[in-house]
Amino acid sequence: MARSGPVYPVPMSDVSEPLGALRSAVESRLTEVIDGCRARWGDLGDAGAQMLDAAAQALEGGKRMRAVLGAVGAGMGAGDERARRITSSPVLHLGTALELYQASALVHDDVMDGALTRRGRPASHRLFAAAHAEGSWRGRAEDFGTSGAILLGDLLLSLASEEMGAIRANRAFPSPESVVACRAAFDAMTTEVALGQFLDVRSEAIALPDGADPLKESARMGEAALAVIRHKSARYSVQHPLLIGALLAGADPLGEAFGHLRELGEEIGIAFQLRDDELGVFGDPAVTGKPAGDDLREGKRTVLLSLAWGMTDAAGRRLLEQVLANRQAEPAELEAAARMVEDCGARAAHEEAIAAHRQAGARALAALANTGEADCQTLEDLTALMHRLIDRSA
4 MARSGPVYPV PMSDVSEPLG ALRSAVESRL TEVIDGCRAR WGDLGDAGAQ
54 MLDAAAQALE GGKRMRAVLG AVGAGMGAGD ERARRITSSP VLHLGTALEL
104 YQASALVHDD VMDGALTRRG RPASHRLFAA AHAEGSWRGR AEDFGTSGAI
154 LLGDLLLSLA SEEMGAIRAN RAFPSPESVV ACRAAFDAMT TEVALGQFLD
204 VRSEAIALPD GADPLKESAR MGEAALAVIR HKSARYSVQH PLLIGALLAG
254 ADPLGEAFGH LRELGEEIGI AFQLRDDELG VFGDPAVTGK PAGDDLREGK
304 RTVLLSLAWG MTDAAGRRLL EQVLANRQAE PAELEAAARM VEDCGARAAH
354 EEAIAAHRQA GARALAALAN TGEADCQTLE DLTALMHRLI DRSA
């Protein structure tokens with residue numbers, strides 16, 4: 004089934020000028036944060052340098068999507084002050100905190116998944132393990148790599164918290180109450196992602212169904228996969244940044260516009276993650292930076308997998324059992340499994356699910372426009388981001 008739009012490898016390139024400026028400022032601020040750590044912890048010598056070099060690499064190559072979404076939320080309804088607000092110090096600190104948290108979550112996710120690469124480079128735990136092996140240090144290199152990456156993720160999370168703490172109330176923007184609401188929402192986001200991550204880990208540990216009733220099993224698997232999507236990735240990828248930015252700007256969390264923004268973020272966040280899951284099986288490694296079929300090898304219990312389970316035959320289910328969470332699966336086996344997912348119609352059904360969430364997001368966007376609380380530029384940016392987040396190749 005053909006996609007409904009063009010495919011973009013870099014989805015943040017056509018946002019409005021203030022958002023582009025904010026994105027560049029976040030890049031600079033991330034460098035400042037790590038450089039500040041180097042100055043603060045210079046007495047730690049080679050050990051500190053090793054950890055902070057790993058932190059700098061973990062922050063490289065991101066699209067800064069969450070920072071941009073946070074700025075869109077903060078600028079909604081600001082009128083003539085929109086450009087100034089988007090590029091203000093409070094929004095810069097918020098965007099930087101969101102990106103630091105994103106890096107933290109990815110480092111920890113790679114450890115739990117046993118991922119080989121991240122953005123085309125060795126994952127953080129593999130970098131630490133390689134340093135251990137090269138130095139002929141004591142103990143197991145893999146254990147050192149895991150420990151180093153866990154601590155790296157913790158460091159990045161702490162830096163995100165520090166950056167949120169740097170947001171100060173101002174006479175014009177933001178108010179003291181808005182700073183408190185923004186911080187509370189940020190903390191709630193990190194809590195939800197931790198629980199969502201556990202849902203993901205637990206789902207992968209549970210045995211696959213026995214195949215006695217594939218359709219019912221497929222439905223249950225799909226519901227569980229959607230729960231993981233909502234709590235682990237969809238909300239913190241799209242919904243939470245939008246809402247946290249809006250709260251920083253003083254939005255009423257019980258207001259109509261806020262409700263439509265919440266719905267928009269949820270629907271687009273789900274579609275975004277569904278696309279990610281499709282790329283995890285069918286993506287081009289040269290573009291995604293991850294090996295082909297990596298989600299199958301890592302044992303991801305996705306909506307795509309649930310659809311394939313219900314739509315294929317017994318032989319297809321045996322093939323899935325053979326490759327799922329099998330680190331030794333051969334490329335030919337992964338290719339055969341991916342081909343089966345396509346041939347049984349699961350990929351096409353998955354694309355229809357993405358389209359349904361896109362349409363629900365578009366309806367929420369139209370409802371937001373009807374409130375009159377979002378200016379034209381905000382609506383244009385949200386429309387562009389919606390399509391770019393879904394129609395992408397990485």
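The sequence shown begins at 4 in our numbering and counts up one residue at a time.
Ideal Cβ positions, reconstructed from N, Cα and C, are used throughout, including at glycine.
DSSP-derived helix/strand/coil call for residue i
i	result
THR386	helix
PRO294	coil
SER7	Because the pLDDT of SER7 is 39, which lies under 50, any placement of that residue in the model is unreliable, and the number read from its coordinates should be weighed accordingly. SER7 falls in the coil class under three-state DSSP.
ARG395	strand
GLY364	helix
ASN329	coil
TRP312	helix
ILE170	coil
LEU277	helix
THR305	coil
LEU257	coil
PHE285	helix
ASP378	coil
ALA1	An answer regarding residue 1 cannot be provided, because it is not within the stretch 4 to 397 covered by the chain.
ARG143	coil
SER19	coil
PHE189	helix
PHE176	coil
GLY138	coil
Cross-strand partners of residue i (DSSP beta bridge)
i	result
PRO93	Beta-bridge pairing links PRO93 to no other residue.
THR120	PRO125
Buried versus exposed call for residue i [16 or more other C-beta atoms within 10 Å across all chains shown]
i	result
ASP312	Correcting the residue identity first, residue 312 is Trp in this sequence and not Asp. Burial call: buried.
GLY248	buried
PRO217	buried
GLU166	buried
ILE209	exposed
ARG350	buried
LEU257	exposed
VAL183	exposed
ALA237	buried
SER31	exposed
LEU2	With the chain covering only 4 through 397, there is no way to say anything about residue 2.
GLU20	exposed
ALA108	buried
CYS379	exposed
GLU270	buried
GLN331	exposed
SER139	exposed
ASP279	buried
PRO288	exposed
GLU34	Reading the sequence as shown, one finds Thr at residue 34 and not Glu. It is exposed - the Cβ of THR34 has fewer than 16 other Cβ atoms within 10 Å.
ALA187	exposed
GLU102	buried
SER91	buried
Report task. Taking only runs that begin and end inside the stretch 55 to 104, name each unbroken alpha helix (DSSP H) of 4 or more residues, in chain order. Result -> 68 to 78 and 85 to 89
Query raised in the report: Below 8 Å, can you find three or more Cβ-Cβ pairs linking the stretch 254 to 268 to the stretch 363 to 382?
Result: yes
Requested in this report: Count the C-beta pairs between the stretch 167 to 187 and the stretch 92 to 112 that are closer than 8 Å, then say yes if the count reaches three, no if not.
Outcome: Because the criterion of three Cβ pairs below 8 Å is met, the stretch 167 to 187 and the stretch 92 to 112 touch.
Report task. Count the CB pairs spanning the stretch 112 to 120 and the stretch 47 to 54 that are closer than 8 Å, and state whether there are at least three. Result -> no
**Report entry** Ranges of the alpha helix (DSSP H) found wholly within the stretch 200 to 273, counting only runs of at least 4
**Finding:** 217 to 231 and 243 to 251
Requested in this report: Ignoring anything shorter than 3 residues or poking outside the stretch 337 to 362, list the beta strand (DSSP E) runs there in chain order.
Outcome: Considered as a whole, the stretch 337 to 362 harbours no complete run of any beta strand (DSSP E) with no fewer than 3 residues.
Requested in this report: Evaluate the contact criterion for the stretch 150 to 159 versus the stretch 185 to 199: three or more CB pairs, one atom per stretch, below 8 Å.
Outcome: No: fewer than three Cβ pairs fall under 8 Å.
Query raised in the report: Quick check: the stretch 315 to 331 against the stretch 291 to 303, are there 3 or more CB pairs under 8 Å?
Result: yes
**Report entry** Inter-stretch contact (C-beta, 8 Å, three-pair minimum) for the stretch 370 to 379 and the stretch 70 to 82
**Finding:** yes
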